[in-house]
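K.L.:
Here it is, the structure, as structure tokens.
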Amino acid sequence: MEIKTVGVVGCGLMGSGIAEVCARAGYNVVVREVDEAALDQGLRRIRKSLGRALERGRIDQATFEQVLGRIRGTVNMADLAESDFVIEAVVENLELKRQVFAELDRLCREGVILATNTSCLPVTDIAAATRRPKLVIGTHFFNPAPVMPLVEVVRTILNDEETVEVTRRFCQSLGKTVVITKDRPGFIVNRLAIPFLLDAIRILEEGLGTKEEIDTAVRLGLNHPMGPFTLLDFVGLDTTLFVADAMYQEFKDPRYAAPPLLRRMVAAGFLGRKSNRGFYDYSSG
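Per our numbering, residue 2 is the first one in the sequence shown, and the count goes up by one each step.
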């Protein structure tokens, strides 16, 4: 089946980025949000992102207008019915995702692949909510999706070779580098990153160094582009806690047990850049 129209469920931080990436690759995009306010906010985010690309000379005015012209927003799930490939990017809640996939399964044509952007939830459990489990697969994009070059394609024990290969080729058509991984919590990147980030919080709690010193040591000693506390604020402390809890639930490995400081910061609303305060203060802009 030729892919011409991509449906995206969710126009939040990840969904808007995925919609932009697909439109920039030449696909028509229908992006759905729960209400007009959320949809307007997401579409403004796409326009702002494309505006930055225009200002920096990465795209010209004609491309700016063409990409925006390929994106249609809706609050009606039924408008995704004619999609040739669908990517779900709603919040990381298993029951909500299962509800979304059950509805997509009823609406979309036979043979259409339904992909989830989950960063840690079991794709197999999401697939079980549909009558097409072999066509449900993971496509884990990274934030910000228009910039980050990687997509983890998450293969379940239910997928056939064609589903995996079509998904791989589709993601590559977006200009992404694809790695294939199994349906295990954290996949490849978070399986490695979460213990690293949690250990950074632990050594901060121990007083081994300040957050600035630890960030500097990792940047200059390990040649990382940003230190762990800068990265935690960028990813979101709530997101990190959710992924860590999901991985601990699966593996019962203390490496994935969230440190008390992380849990208390999330409870206090210190979520990182999204709340203007995390390990660092972003309120001054």
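Each residue gets a CB set at the ideal place from its N, CA and C atoms; glycine is no exception.
Treat the numbers as computed from the prediction; the structure is a model and nothing was measured.
#1: I think L263 touches L238, with their Cβ atoms under 8 Å apart; what is that distance to the nearest whole Å?
#2: Taking the beta strand (DSSP E) that I138 falls in, what are its first and last residues?
#3: Could you tell me the boundaries of the alpha helix (DSSP H) in which F235 lies?
#4: Pull up the DSSP beta-bridge partners for A116, would you.
#5: Once DSSP output is grouped into helix, strand and coil, what is the label at E162?
#6: Here's a check: name, in chain order, each residue in its chain whose Cβ is nearer than 7 Å to the Cβ of T75, leaving out the five neighbours to either side.
#7: Quick one: give me the first and last residue of the beta strand (DSSP E) that L151 is part of.
#8: Quick check on DSSP: helix, strand or coil for D200?
#9: What is the DSSP secondary structure of T211, counted as helix, strand or coil?
#10: One question on the structure: do L242 and V267 come within less than 7 Å of each other, judged by their Cβ atoms?
#11: Would you decide whether A269 is buried or exposed? Buried here means 16 or more other CB atoms lie within 10 Å of its CB.
P.N.:
Per the coordinate set shown:
#1: About 6 Å separates the two Cβ atoms, so the contact holds.
#2: 137–142 is the extent of the beta strand (DSSP E) around I138.
#3: Note, F235: alpha helix (DSSP H), 229–236.
#4: As computed with DSSP, A116 is found in a beta bridge with I88, I138.
#5: Three-state result, E162: helix.
#6: Excluding residues within five positions, the ones whose Cβ falls inside 7 Å are V31, R33.
#7: For L151, the uninterrupted beta strand (DSSP E) run begins and ends at 151–156, by DSSP.
#8: Three-state DSSP puts D200 in a helix.
#9: DSSP, reduced to helix, strand and coil, places T211 outside both helices and strands of the structure shown, so it counts as coil.
#10: In terms of Cβ geometry, L242 and V267 form a close pair [threshold 7 Å].
#11: Counting Cβ neighbours within 10 Å, A269 comes out exposed, since fewer than 16 surround it.
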